[in-house]
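Down below is the structure, laid out as structure tokens.
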Ligand SMILES: Nc1ncnc2c1ncn2[C@@H]1O[C@H](COP(=O)(O)OP(=O)(O)O)[C@@H](O)[C@H]1O
Ligand SMILES: [Mg+2]
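Numbering (the working numbering), first residue to last: 2 to 358.
Take a look at the structure:
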């Protein structure tokens, strides 16, 4: 059955539309007239947008087929002013038997993806992932944390029960990423466990395995403001997968002498891999951790880091309260919102929110 229909779109508070729905109570829907470019007209009186096929103003004619297609919409001036979308906005239309879902945000990448990397263990990668994750949630951001370390410390600090599915199910067994996500009080999590060690061997012989995580993230149904990846302490396939998907890299570095050993090599390796994989990391920053200004060596290493590397403005001081992470699955802000770690990580979260703004 062919029909014509206006699409009503309600503006949200920010006058931005991310998704609009057109309910079609008919089975077997399909786009009939296959327009490549659609015109959107804004009708101020009814605060609605009308989709039209072309300049002649023919409305889009649809039937159901359960597909999703990308269309380039030409938006008229009023819509551009009201929404801030581009004149030629790429729009994804999902057609199901029950409804048509129109997603205006196709070209805008919604989530900022940050990988927490250092090939050394014990430098504060997992702690940083957890504290940034819960800190961003406190700022009303939607956050997904991903544990890609077979040691699974992040999973342990966040979950009381052994997870049924883990990152291995996504990367090796190609399970739907949306079924692996576990919701916690503080953030959503893709867990890990020791089996991931075996998974690497299964994957390395295959082609194109460095893109598996990125491909899976493209299939996320929930929209996250931030995705933070806790990486293993080596340049293995999982670190490469994280790198491939990332916008930013944060390198926690202890302010102690041994920490400097290997930092140059780490940054060189990251740069080389970025070039080889042709990935565009917007920024790679060193985060000084476990700073203790009472100790001369800690202060000196901190100064050295600031002079020789691109560092974050925020630093993380030593704080014994961090040892309690994972005890009751509480965040550092729930453990003690006034401890030095809570204050320092809150500052870091504020800094992260300003990236790119
Ligand atoms: N700022 C800090 N002050 C004191 N202890 C810390 C700090 N950051 C991390 N730790 C502790 O150091 C240990 C290693 O931290 P973790 O985050 O697991 O490192 P990684 O993930 O790099 O191996 C943990 O016991 C953690 O509680
Ligand atoms: Mg860790």
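Glycine included, C-beta positions come from ideal geometry on N, C-alpha and C.
Item, Value
"Is the separation between the beta-carbon of residue 271 and that of residue 290 shorter than 8 Å?", "no"
"Cβ of residue 126 versus every heavy atom of ligand 2: is any distance shorter than 7 Å?", "yes"
"Taking just the CA atoms, how far does residue 214 sit from residue 221?", "11 Å"
"Have a look at 325, 241, 280, 154 and flag the residue whose alpha-carbon is nearest the alpha-carbon of residue 205.", "241"
"Mapping DSSP to helix, strand and coil, what is residue 267?", "helix"
"Can you check the region 230 to 299 for any beta strand (DSSP E) of at least 3 residues that lies completely inside it and give the ranges in chain order?", "249 to 255, 284 to 290"
"Straight-line CA distance for residue 181 to residue 339?", "34 Å"
"Rounded to whole angstroms, what's the CA-CA distance from residue 267 to residue 142? Just pull it up for me.", "30 Å"
"Could you spell out the range, first to last residue, of the alpha helix (DSSP H) harbouring residue 168?", "168 to 172"
"Taking only the alpha-carbon atoms, compute the straight-line gap between residue 333 and residue 178 and give it to the nearest angstrom.", "28 Å"
"Quick check: is any heavy atom of ligand 1 less than 7 Å from the C-beta of residue 122?", "yes"
"Pairs of beta-carbons, one from the region 145 to 160 and one from the region 193 to 207, closer than 8 Å: are there three or more?", "yes"
"Go ahead and pull the three-state DSSP assignment for residue 330.", "coil"
"Rounded to whole angstroms, what's the CA-CA distance from residue 134 to residue 347? Just pull it up for me.", "11 Å"
"Taking residue 253 as the reference, give the member of 130, 331, 78 with the closest Cα.", "130"
"How is residue 135 classed by DSSP in three states: helix, strand or coil?", "helix"
"To which residues of the same chain is residue 310 closer than 6 Å at the C-beta, ignoring the five residues directly before and after it?", "287"
"Is it true that the CB of residue 149 sits closer than 8 Å to the CB of residue 248?", "no"
"May I ask you to list the residues that DSSP assigns as paired with residue 113?", "227"
"For the putative contact between residue 317 and residue 260, defined by C-beta atoms under 8 Å, what is the C-beta separation to the nearest angstrom?", "Their Cβ separation, rounded to whole angstroms, is 13 Å, which puts residue 317 and residue 260 out of contact at 8 Å."
"Looking only at its chain, what residues have a beta carbon closer than 8 Å to the beta carbon of residue 352, apart from the 5 residues adjacent to it on each side?", "313, 314, 315"
"Report back the beta-carbon spacing between residue 120 and residue 235 to the nearest angstrom; my notes put them in contact at under 8 Å.", "6 Å"
"For the beta strand (DSSP E) holding residue 191, just list the boundary residues, first then last.", "189 to 191"
"I'd like the span of the beta strand (DSSP E) that includes residue 148, first residue to last.", "144 to 148"
"Between residue 115 and residue 327, what straight-line distance do the alpha-carbon atoms span, to the nearest angstrom?", "22 Å"
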